[in-house]
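Some notes on the structure that comes next.
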Amino acid sequence: MKTHQVWSSHEQDKSIHPLTTTWVFKRKTDANGNLTKYKARLCVRGFNQQEGIDYDDVFSPTGRLASLRLLLTLAHQHGFQVDQMDIQCAFLNGIPDKPLYIFRPDGYNEVSKILKVNKSLYGLKQIPRCWHNSLNNDLLQMGLVPTKTDPCLYYSSDHNKPMWLFAHIDDLIFSGCWNEDFKSKIKTFFDMEDLGGVTYALGI
1 MKTHQVWSSH EQDKSIHPLT TTWVFKRKTD ANGNLTKYKA RLCVRGFNQQ
51 EGIDYDDVFS PTGRLASLRL LLTLAHQHGF QVDQMDIQCA FLNGIPDKPL
101 YIFRPDGYNE VSKILKVNKS LYGLKQIPRC WHNSLNNDLL QMGLVPTKTD
151 PCLYYSSDHN KPMWLFAHID DLIFSGCWNE DFKSKIKTFF DMEDLGGVTY
201 ALGI
């Protein structure tokens with residue numbers, strides 16, 4: 001939270017209505033069902049948000065499985081490696097589209113009882129949309145353009161350097177002639193985990 005500067009102290013103000021939070025704990029496994037890590041997330045109780053005050057649009061696209069199949073087919077036809085990367089704490093990179101505040105979480109050492117939310121927190125209704133917009137803007141800067149049929153499937157705008165990328169929330173699956181260069185560039189935007197060649201993705 002501190003690394004991503006997710007929040008900042010804010011003075012008590014009767015004009016705002018801070019949201020409450022809760023901790024959610026999860027276990028993550030690999031393709032063989034082996035435990036790989038424990039995860040703890042601080043989540044906003046988004047069901048208390050008020051439409052028009054705390055959020056407007058909430059829609060966020062999800063990549064189609066057919067698009068992933070297309071990427072794999074193109075990679076096979078061109079003989080390109082298919083790699084996968086995971087974006088760490090992805091949603092914390094999104095920027096809220098409305099001023100949001102939370103009560104100080106239990107266990108957090110901060111004098112102020114109210115915190116202003118600077119980055120999207122888990123549980124917010126608009127968090128998937130905020131994250132997708134942030135990722136999309138950064139991929140555009142790297143020369144990757146979303147297709148008209150699937151906004152989560154990207155292709156390189158430079159036809160001399162072909163690449164295709166499939167984005168599923170915080171998982172990036174990509175293939176092209178500049179995979180290693182892409183890995184270096186994307187790490188300047190986000191904290192990434194390089195998973196290497198694809199063997200297990202999206203639970204399949």
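Position one of the sequence shown corresponds to residue 1 (the UniProt record's numbering), numbered consecutively onward.
From the three backbone atoms N, C-alpha and C, an ideal C-beta is built for every residue, glycine too.
Keep in mind the model is a prediction, meaning the values are calculated, not measured.
Best match in Thr149, Pro128, Tyr154, Ile127 for proximity to Leu140 [C-alpha to C-alpha]: With distances taken between Cα atoms, Leu140 lies closest to Tyr154.
What ranges does the beta strand (DSSP E) occupy inside the segment 107-159, keeping only unbroken runs of at least 3 residues that lie completely in it? Secondary structure within the segment 107-159: the beta strand (DSSP E) runs of 3 or more consecutive residues, fully enclosed, are 114-117, 144-146, 153-156 (chain order).
What is the DSSP secondary structure of Glu51, counted as helix, strand or coil? Glu51: strand per DSSP, three-state reduction.
For Trp131, collect the residues of the same chain with a Cβ closer than 7 angstroms to its Cβ; drop the 5 residues on either side in sequence, then sort them by chain order. Excluding sequence neighbours, Trp131 sits near Ala90, Phe91, Asn93, Gly94, Ser120.
Whole angstroms is fine: what's the gap from Met142's alpha carbon to Trp7's? Their Cα atoms are separated by approximately 28 angstroms.
Start and end residues, alpha helix (DSSP H) containing Glu180: Glu180 -> alpha helix (DSSP H) spans 179-186.
To the nearest angstrom, report how far apart Ile114 and Lys98 are at their CA atoms. Whole-angstrom Cα-Cα distance: 16 angstroms.
Proximity below 8 angstroms, CB of Thr20 to CB of Arg45: Going by C-beta atoms, Thr20 is nearer than 8 angstroms to Arg45.
At what residues does the beta strand (DSSP E) containing residue 210 begin and finish? Nothing about residue 210 can be read from this structure; the chain reaches only from 1 to 204.
Beta carbon of Leu144 nearer than 8 angstroms to that of Ser134: No, the Cβ-Cβ distance between Leu144 and Ser134 is not below 8 angstroms.
Rounded C-alpha distance that separates Pro128 from Asp57: Here the alpha carbons of Asp57 and Pro128 stand approximately 11 angstroms from one another.
With distances taken from CA atoms, which of Gln88, Asn48, Leu70, Asn34 is nearest Phe190? Ranking the options by Cα distance to Phe190, first place goes to Gln88.
Given a cut-off of 8 angstroms, decide if Gln50 and Asn179 are closer than it, judged by their beta-carbon atoms. No; because the gap between Cβ atoms is not below 8 angstroms, this pair is not in contact.
Residues of its chain near His76, where Cβ-Cβ distance is below 6 angstroms and the 5 sequence neighbours each way are ignored: Close CB contacts of His76 within its chain, under the 6 angstroms cut and outside five residues either way in sequence, are absent.
May I ask which residues mark the beginning and end of the alpha helix (DSSP H) holding Thr73? It spans 65-78 - the alpha helix (DSSP H) in which Thr73 sits, taken as one unbroken run.
Can you give the Cα-Cα distance for Leu65 and Leu165, rounded to whole angstroms? Spanning the two alpha carbons is a distance of roughly 13 angstroms.
Given a cut-off of 8 angstroms on the beta-carbon distance, is the pair Asp170 and Asp86 in contact? In this structure, the beta-carbon distance from Asp170 to Asp86 falls below 8 angstroms.
Ile186 and Leu71 closer than 8 angstroms at C-beta: Leu71 sits away from Ile186, with the two beta carbons spaced by 8 angstroms or more.
Collapsed DSSP secondary structure at Gly46 in the structure displayed: Residue state for Gly46 is assigned as helix, using DSSP reduced to three classes.
When the distance is taken between beta carbons, is Cys152 closer than 8 angstroms to Met163? Not a contact, by the Cβ cut-off of 8 angstroms.
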